[in-house]
Each structure stands twice: as C-alpha cells, then as structure tokens.
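These protein sequence lines map, in sequence, to chains R and H. Each number in my numbering corresponds to the 1-based position in the first sequence with 107 added. Each number in my numbering corresponds to the 1-based position in the second sequence with 107 added. One structure is given below, encoded as structure tokens.
Number of protein chains: 2
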Amino acid sequence: MNQRQDLVGQRAPGSRRGKGGDGAERHEIIYRSISDAIIEHRLKPGARLREDALAEVFGISRTGIRKILQRLALEQLVTLTPRRGASVTRPTAEEAHEVFAARQMVECGLMPEVARCVDEASVKTLHELSDQEQKALRKGDHSAAIRHSADFHTCLARLAGNATLAEFVERLCFRSSLILAVYGKPGHLGCETHDHATLITLLKEGRGQEAAVLMGNHLRAVEATLAIVEEDQEAPDLHQIFLS
Amino acid sequence: MNQRQDLVGQRAPGSRRGKGGDGAERHEIIYRSISDAIIEHRLKPGARLREDALAEVFGISRTGIRKILQRLALEQLVTLTPRRGASVTRPTAEEAHEVFAARQMVECGLMPEVARCVDEASVKTLHELSDQEQKALRKGDHSAAIRHSADFHTCLARLAGNATLAEFVERLCFRSSLILAVYGKPGHLGCETHDHATLITLLKEGRGQEAAVLMGNHLRAVEATLAIVEEDQEAPDLHQIFLS
DNA sequence: CCGTCTATTTTTGTATACAACAAGCAATGT
DNA sequence: ACATTGCTTGTTGTATACAAAAATAGACGG
C-alpha cells in the first residue's frame, strides 16, 4: 500500500534517486504486482496489457515495462504477439493437460523426499497456508484462495531442498491458475477439498509414498473439475453451424 | 552460414530494412548463436559478455542484445549482475546436484511414456544423433559431441508428447553442459558410453521400465565422472595458505 | 445502403542519448 | 612504504525520440 504511493506519483527526471528502493527492487515490485494480478484472476486471460498504460500506472518508462513483460512471457503468464503487444496468456487445452501431467510427475515424485525433510516449522507454515486458503474460500474471496493454494503447493515443493525443481513447480502452479481461470466451472474452485490438510498429516508422519498417492489423486481431482475443451476461436466452421 | 555474412558486417543506419529476415527472426538467430556458443563451451563459464561488444558483433543495437541477454539469464545460461553486466553462468556445486536430481526424476519418469510413443522415424532420428555424437567424440570435437548429446536427451524427452516437460528437460540439458564445463575432468567427457544406443534398443522394444532404470544409471554415471567440489572463490584464507 | 479503399491514429519495435554507478589509477598525506 | 582519497574511464540503467505496422474510422463509389 505504501509502495503504491511511491510507485505512482511524481517522476521528475532528477528525483529518480530520491526513492528508498533501488531501481531493480522497484522492478521486482512491479513484476510481482502484475504477476499477482494475473494469478489472482484480477487480470483475466486474454486481457490486453498495453505498454503505455502500464508505464503510466507504475510511473516508469516503457523500457522497464517491456523488460518485465518479457520476463512474464518467458514464464508463459503473458503472450507476446509480434506487433500486437502483450496479453494475459490463454492456455490451450493441450497446454492444460501438459501442465497437469507435469505436476503429476514432479509433485508426486517430490513427496518421499519432502516426507524426509519436513520439520516442525515447515508443518506450521503449511498449516497456516492451508488454513488461510480455507478461510478465503469460505469468505468467497476467490483471488486469495487461488493465491494461497498455489503458495501451498509451491511451499511444499520447496521443502525437498531442490530449488530448480521447486521453481519449476512454482511456474506450473502459476500456469495452473491461468488454466483454472479459463476452464474452471463457475461453481467449483481449485483445491476445495480437505486434501491439503491430509497431505500435511501424512508428510508429518513420514509416510511419503502414501502422500505421493494422495497428491496424485488430488491433482487428478482438480483436473477433473475442469471443463477442458478447446472452444475453437479461429475458423469456426460456419457451414457446420448454420447449414446443419 | 549465409546469415552469418548478413549478421556481421555493415550496419548503415538506413539499411536496417534491407535484410531478408524479419527482425524477430534475426533476434532468434542471434539468441541461438550465443546460446550455442555457451553450450558448446566456446564461451566458458565466467566469460564476460559486454553488451557493446555483442551489439557490434551482431550489428544490432544494445537494446536488442539486452533483450537476448535477459532471456539467456532467465534460462540460467548467463548471470546478470546489477551494474556489472552479463557473464556466462558458473553453476555452483549445489546447482549441479540439483540439475542432475531433476533430470533423474523427469527423464526417468518420461521413459515409460516414450516407450509407448516411439515410432520408426523417431528411432531413426535418435540413432543419427547418437551416431553423430560418437563420431564427434572420436574426432575429438568436444563442442559437437556435447551439442549432440544434449540434443539426444532433448529429442528423447520430446517423444513423450509433453512440450512443457520436454522444454524443461532441454533447459536442464543446457545447464548440464555448463556443469560439465566447470566440473568435468579433462579426460572424461559426458556420455561416453554405449548407453544411448542401448537406450534406443530398449525403447524400441517397448521396455519402458528397463529404459528408465538404464537412464537412471546413465545419469548417475555421468554425474559420477564429475568432480563437483566448490572451489571457494571468495575470501581465500591467505594466512592458511602462506603461513602454514 | 453496403462494401472497399484510404487516411488517421494508436501501439509496438529499435536506436540513441544521457545519467549513474563501479573499477582502476594516480596522487597525496601519514 | 602503505593506505586513503579523488579523479578518470568504461559499462550499464533509463528515458525518449523516431520509424514501421496494425487497427480504426471515414469517405467515396457502386
């Protein structure tokens, strides 16, 4: 909230150094702002992200915005169409399946190691995340719920101690959030079950193999709540539609 | 080869449009040029990549180079130090272990699916890659051997039909190449064994589980040939060294 | 009244200019 | 002789200016 005030606002050419935050840090904040907005569905898939508009909102020039958009594009949260600019990625049905298959492989594969590594502090953090998610869900705050769910899975992956794999899982979770936005049925919402809490219990007791199985079922269940069908945008067959 | 001629050379301010290739395509070519040079160890870890120099070499302005460097940084092939510029990433020992652990999980996990998907054409491609690698190895052409080895593993991963996972494997292979450059013993070189050929045979016969086991051993063997020890760069204890 | 062509406007792509920072070097003082 | 400090130089960070390409709207002809 406070940063907002700093970010927007005056940008007299010389006053650049006056800010407390370093330049790179400001970029990081802006990156996260946009990233969060996408993950929390405040920016919906397909939404256009004009450089000029973003530059004005955050009080930096287009150069910085472009850098950030490029980063988001590499993480597949936004799509950069040449000469058309940036928009929030709308995952295809195929991508959706791929992402869930990838999560299935990596997240399940990580469980045994996580079961070996958990300690008191981690369990506490996981519980908090899980509780926050449930609370948000009950309040009907979809944005927060999605955010906490992604955080839960990411946090879990991090416990295995492999930063490379954890980062991969994080990205998959972000993309999952986009998939939910596109293919999720209005009623259902992501990880609504009690699975997360059960998962924590299993891991705490060192039952890694069972945790892996549960995680597998959990991911399959989430994917099953989706209506992953490609609504063909390009070349809708008019003959098929009108001459039937 | 032809593009090379176009890329270097004159860059009269107005001649920008004269090129046959589209702008984005040229960027892709430059990206690949640098990426290849890193993967094939023609640019060694730690090598500095000055924007100005690269801009001149490829005949575009620093803006384009920065974009490319940023992309390479996100793929962890180059490291961007604030105010110090870009250099070829020197993986830490920890990163090295992480990358191999990740490959272990993903590449092995992919084998059953690959065994299900292989067809005649794929087998032929894989054999070619494997042969080229062996040939390069015999000729002592390390660059080509490393390249083909990475291509082999990437191609294999692609066969499973999951582009997301395949891309992840590709990146891991690239990073593995860097790891080899830093921690590889001069004598040994990557995948020197007959494993690749054996792998193809197993997959062709649909023995996915056995292929997974072999892949596991293969990766462990490669990692075992490395001398992964952190040579502490910062703060070498001079007292310890000279006053012993 | 509708379709097409053109002009305008909007938006991105690229280069360059300028300012800030880090590093190396020299000079001076202790 | 050594350390510290200030200057000079090289390199990156940021903004802006300009050019090219879409999208849009308007005019003209059928």
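We put the CB at the ideal spot given by N, CA and C, even for glycine.
Review point. Applying a beta-carbon distance threshold of less than 7 Å, which residues of chain H neighbour Asn324/R?
Key: Ordered by position in chain H, no residue passes the 7 Å Cβ test against Asn324/R, which lies about 18 Å from the chain.
Review point. Which parts of the region 186–217 of chain H are runs of the beta strand (DSSP E), unbroken and 3 residues or longer, counting only runs that do not cross its ends?
Key: 192–195
Point to revise | chain R contact for Gly171/H (CB, 8 Å cutoff) | key: no
Point to revise | Chain-ordered chain R contacts of Phe275/H [CB-CB under 7 Å] | key: Phe275
Practice item. Output, in sequence order along the chain, the residues in the region 204–225 of chain R whose CB is closer than 7 Å to any CB in chain H. Key: Glu205, Val206, Ala208, Ala209, Met212, Val213, Gly216
Review point. Given Glu305/H, which residues of its chain have a CB within under 8 Å of its CB, disregarding the five upstream and five downstream residues?
Key: Before going further, note that residue 305/H is Thr rather than Glu in the sequence given. For Thr305/H, where only same-chain residues beyond five positions count, the Cβ hits under 8 Å are Leu321.
**Study point:** Contact set between Lys174/R and chain H, taken where Cβ atoms lie within less than 9 Å
**Key:** Arg173, Lys174, Gln177
Exercise for review: With a threshold of 16 other CB atoms inside 10 Å of the CB of His301/H, please say whether the residue is buried or exposed.
Suggested key: exposed
Exercise for review: Apply the 10 Å Cβ neighbour rule to Gly128/H and answer buried if 16 or more other Cβ atoms are within range, or exposed otherwise.
Suggested key: The predicted model places Gly128/H with a pLDDT of 47, which falls under 50 and marks its position as unreliable; any figure quoted below should be read in that light. Exposed, because fewer than 16 other Cβ atoms sit within 10 Å of the Cβ of Gly128/H.
Practice item. Report the residue from Ile136/H, Ala154/H, Ala264/H, Thr271/H whose alpha carbon sits nearest the alpha carbon of Glu201/R. Key: Thr271/H
Exercise for review: Check whether the region 141–149 of chain R touches the region 280–288 of chain R, counting contact only when three or more Cβ pairs, one atom from each stretch, lie closer than 8 Å.
Suggested key: yes
Review point. With DSSP run on the structure shown, which of helix, strand or coil describes Ala331/R?
Key: helix
Practice item. Compute the Euclidean distance between the alpha carbons of Leu179/H and Ala193/H, then round it to the nearest angstrom. Key: 10 Å
Exercise for review: For Val225/R, I'd like the list of residues in its chain whose CB is within less than 7 Å of its CB, leaving aside the five on either flank, ordered along the chain.
Suggested key: Leu266, Leu310, Lys311
Exercise for review: Taking C-beta pairs closer than 8 Å, name the residues in chain H that Leu272/R reaches, listed in chain order.
Suggested key: Glu205, Ala208, Ala209, Met212
Check your understanding: Which partner residues of Leu156/H appear in the DSSP bridge assignment?
Key -> Ala193/H
Check your understanding: Nearest-angstrom Cα distance between Lys242/R and Ala257/R?
Key -> 15 Å
Practice item. Figure out for me which residue from Leu236/R, Asn324/R, Leu176/R has the closest Cα to the Cα of Pro189/R. Key: Leu176/R
Check your understanding: Looking at the C-beta of Ala318/R, does it have a partner C-beta in chain H at a distance below 8 Å?
Key -> no
**Study point:** Between the CA atoms of Lys246/H and Thr199/R - distance to the nearest angstrom
**Key:** 45 Å
Check your understanding: Since Leu96/H contacts Glu214/H with CB under 8 Å, what's their CB separation in whole angstroms?
Key -> Limits of chain H in this structure are 108 at one end and 351 at the other, which puts residue 96/H out of reach.
Exercise for review: With a threshold of 16 other CB atoms inside 10 Å of the CB of Asn269/R, please say whether the residue is buried or exposed.
Suggested key: buried
Review point. In its own chain, which residues sit with a C-beta less than 6 Å from the C-beta of Glu337/R, not counting the 5 before and 5 after it?
Key: Ala200
Review point. How would you call Ser168/H, buried or exposed, if buried means at least 16 neighbouring beta carbons within 10 angstroms?
Key: exposed
Point to revise | Near-chain H residues of the region 128–159 of chain R (beta-carbon distance less than 7 Å), N- to C-terminal order | key: Ala131
Point to revise | Contacts that Pro198/R makes with chain H (C-beta to C-beta distance below 8 Å) | key: Within chain H, no residue comes near Pro198/R; the closest Cβ sits about 10 Å away, beyond 8 Å.
Review point. Which term fits Pro152/H, buried or exposed, when burial requires 16 or more other beta carbons within 10 angstroms of its beta carbon?
Key: buried
Practice item. Closer than 7 Å by beta-carbon distance: list the chain H residues that pair up with Pro189/R, in chain order. Key: Ala131
Point to revise | Which listed residue (Asp143/H, Thr308/H, Ala331/H) has its alpha carbon closest to that of Glu227/H | key: Thr308/H
Practice item. Please work out which residues of its chain come closer than 7 Å, Cβ to Cβ, to Phe207/R, disregarding the five sequence neighbours upstream and downstream, and give them in chain order. Key: Leu326, Glu330
Check your understanding: Do Leu184/R and Phe281/R have their C-beta atoms within less than 8 Å of each other?
Key -> yes
Practice item. Using beta-carbon positions only, say whether Phe259/H and Ser237/H come within less than 8 Å of one another. Key: yes
Check your understanding: Taking just the CA atoms, how far does Arg278/R sit from Ala209/R?
Key -> 11 Å
Point to revise | Host alpha helix (DSSP H) of Glu235/H (start-end) | key: 227–246
Check your understanding: Under a three-way DSSP split, which group does Gly291/R fall into?
Key -> strand
Practice item. Taking only beta-carbon positions, decide if Ala334/R is within less than 8 Å of chain H. Key: no
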